[in-house]
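Numbering (my numbering), first residue to last: 389 to 797. Before any comments, here is the structure.
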Ligand SMILES: Nc1ncnc2c1ncn2[C@@H]1O[C@H](COP(=O)(O)OP(=O)(O)OP(=O)(O)O)[C@@H](O)[C@H]1O
Ligand SMILES: [Mg+2]
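This is the structure:
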């Protein structure tokens, strides 16, 4: 039998954490954090802190070299450094370790040991939990629609005469005559809030004005800036504004702003608070009068009051559902865009579509086009138009039924 077999009942490594007064009972900690006790008739001759082998299901115990105790290093960000202790944030868990000789400061990413403290500084910056893509020009340009890419004009926008006039006055005039306004010195219009139900033309009109003023158009979606750009939303906003300032003139279109700028009573929305604060800082900061920010909201009453102060979104344009005449005009503008016969009953459809949005009306054309194509024609005839209207009407009735069901729960 070899010496190895004699001296080696299967054993575990353990650290002596405490010894009772009699010296006969040891309290042992295993590397995985569990404990056990070992009792002897005679006092043990070990000291607290020693490393030992302990037999599994035997009473074997023997001293072991300290170096066998697996004090694994971990990586974290220094949160606090006092003369005696250092607090390191390791993935959200705060670990207290002794302050070592290694020089480090708060915010550094370090490699450390529980027993001996920080071993080395890995980076001066806090490590990021997820690798976030850098926000460079390529990213910013994804948000920017080049002037040439916007094809819609005022001629494509039917009805809502008052809305169009108001928007032109508030946005088009300041952008077209920014030099004159700068000389006059009156307070520039920085932000305009577009309110109204979905499909009432908010995005479309903003793009039209970008086109008519030859402005770069940046489109930011409120929900997306949170989900997709979480942790970087503020930086992204900053970069977009920087880019916009470089342009001759620019419109920054912030869709569904209430998703980030709702009134928050509690502390749980720290991230959205920061985005709103960043937006305010940026709006207060730009001075060249070459940017107008348009934000849209379906719930303007819910928007953070700070955003409604003078010099921010203090102008509001409400996009109502189109009235009968508006609807007829909206239907008529399509005549220019699509291949349709000239005897279509617009007035009749306008009469039948009380409560419809412009987007609902636009859907008629899609359906009508499909009906015509299915019939092997390349022109929309009155029967396709009426068929399209009926299909969208049926679709609307189904959706309305679903939503009343949902509401009555
Ligand atoms: N006044 C209008 N004249 C002609 N077409 C219109 C008009 N307003 C809207 N439309 C049509 O409806 C579609 C949807 O409009 P738009 O995207 O501008 O609505 P929105 O108010 O931004 O809606 P949401 O709140 O859902 O973003 C447009 O693409 C266009 O086809
Ligand atoms: Mg829109």
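From the three backbone atoms N, C-alpha and C, an ideal C-beta is built for every residue, glycine too. Owing to the predicted nature of the structure, the values given are computational and were not obtained by experimental measurement.
Item                                                                                                                              : Value
At least 3 beta-carbon pairs within less than 8 Å: the region 629 to 638 vs the region 599 to 616                                 : yes
Endpoints, the alpha helix (DSSP H) within which residue 623 is located                                                           : 621 to 634
8 Å Cβ shell around residue 647 - same chain, five flanking residues per side excluded                                            : 610, 611, 614
Option in 720, 444, 716 with minimal Cα separation from residue 426                                                               : 444
Reduced DSSP category for residue 755 - H, G, I as helix; E, B as strand; rest coil                                               : helix
Three-state secondary structure assigned by DSSP to residue 656                                                                   : Below a pLDDT of 50, predicted positions are generally treated as unreliable, and residue 656, at 42, falls in that range; the measurement from the model is reported next regardless. DSSP places residue 656 in helix when its eight states are reduced to three.
Same chain, Cβ closer than 8 Å to residue 457, neighbours up to 5 away in sequence not counted                                    : 401, 403, 419, 439
DSSP-derived helix/strand/coil call for residue 454                                                                               : helix
Nearest to residue 428 (by Cα), restricted to the options 447, 696, 682, 625                                                      : 447
Given residue 697 as reference, the closest of 589, 580, 706 once Cα atoms are compared                                           : 580
Whether residue 341 touches residue 760 by CB criterion (8 Å)                                                                     : As displayed, the chain neither begins before 389 nor continues past 797, which places residue 341 out of reach and without an answer.
Residues bridged to residue 413 (per DSSP)                                                                                        : 427
Within 8 Å, strictly: CB atoms of residue 688 and residue 541                                                                     : no
Pick from 709, 725, 733, 736 that is closest to residue 748, judged by C-alpha positions                                          : 709
For residue 487 and residue 472, the rounded distance between their alpha carbons                                                 : 5 Å
When 505, 498, 713, 641 are compared against residue 511, the one with the closest alpha-carbon                                   : 498
Simplified DSSP assignment, three categories, for residue 706                                                                     : strand
Extent of the continuous alpha helix (DSSP H) to which residue 521 belongs                                                        : Residue 521 -> no alpha helix (DSSP H), and no H or E assigned at all.
7 Å Cβ shell around residue 735 - same chain, five flanking residues per side excluded                                            : 716
Beta-carbon proximity of residue 640 to residue 681, cut-off 8 Å                                                                  : yes
Contact under 8 Å by Cβ, residue 501 with residue 461                                                                             : yes
Chain-order list of residues whose beta-carbon lies under 7 Å from that of residue 676 (same chain, five-residue window excluded) : 633
Local conformation of residue 770 per DSSP, three classes                                                                         : helix
Assumed close pair residue 538, residue 558 - CB separation to whole angstroms, cut-off 8 Å                                       : 19 Å between Cβ atoms; not a contact.
Straight-line gap, residue 348 to residue 703 (C-alpha atoms, nearest Å)                                                          : This structure cannot speak to residue 348, because the chain is shown only from 389 to 797.
As assigned by DSSP and simplified to three states, the class of residue 486                                                      : strand
Residue 644 classed as buried or exposed, judged by whether at least 16 other C-beta atoms fall within 10 angstroms               : buried
Residue 788 burial status per 10 Å Cβ neighbour count (16 or more: buried)                                                        : exposed
Contact test: residue 583 Cβ vs ligand 2 heavy atom, cutoff 7 Å                                                                   : no
Alpha carbon of residue 673 to alpha carbon of residue 566, nearest angstrom                                                      : 17 Å
Contact belief for residue 724 with residue 543 at Cβ below 8 Å, rounded distance in angstroms                                    : 7 Å
Residue 592 Cβ short of 7 Å to ligand 1 heavy atom set                                                                            : yes
C-alpha distance - residue 668 paired with residue 700, whole-angstrom precision                                                  : 7 Å
Backbone CA spacing between residue 483 and residue 477 [nearest angstrom]                                                        : 6 Å
Best match in 568, 764, 617, 515 for proximity to residue 527 [C-alpha to C-alpha]                                                : 617
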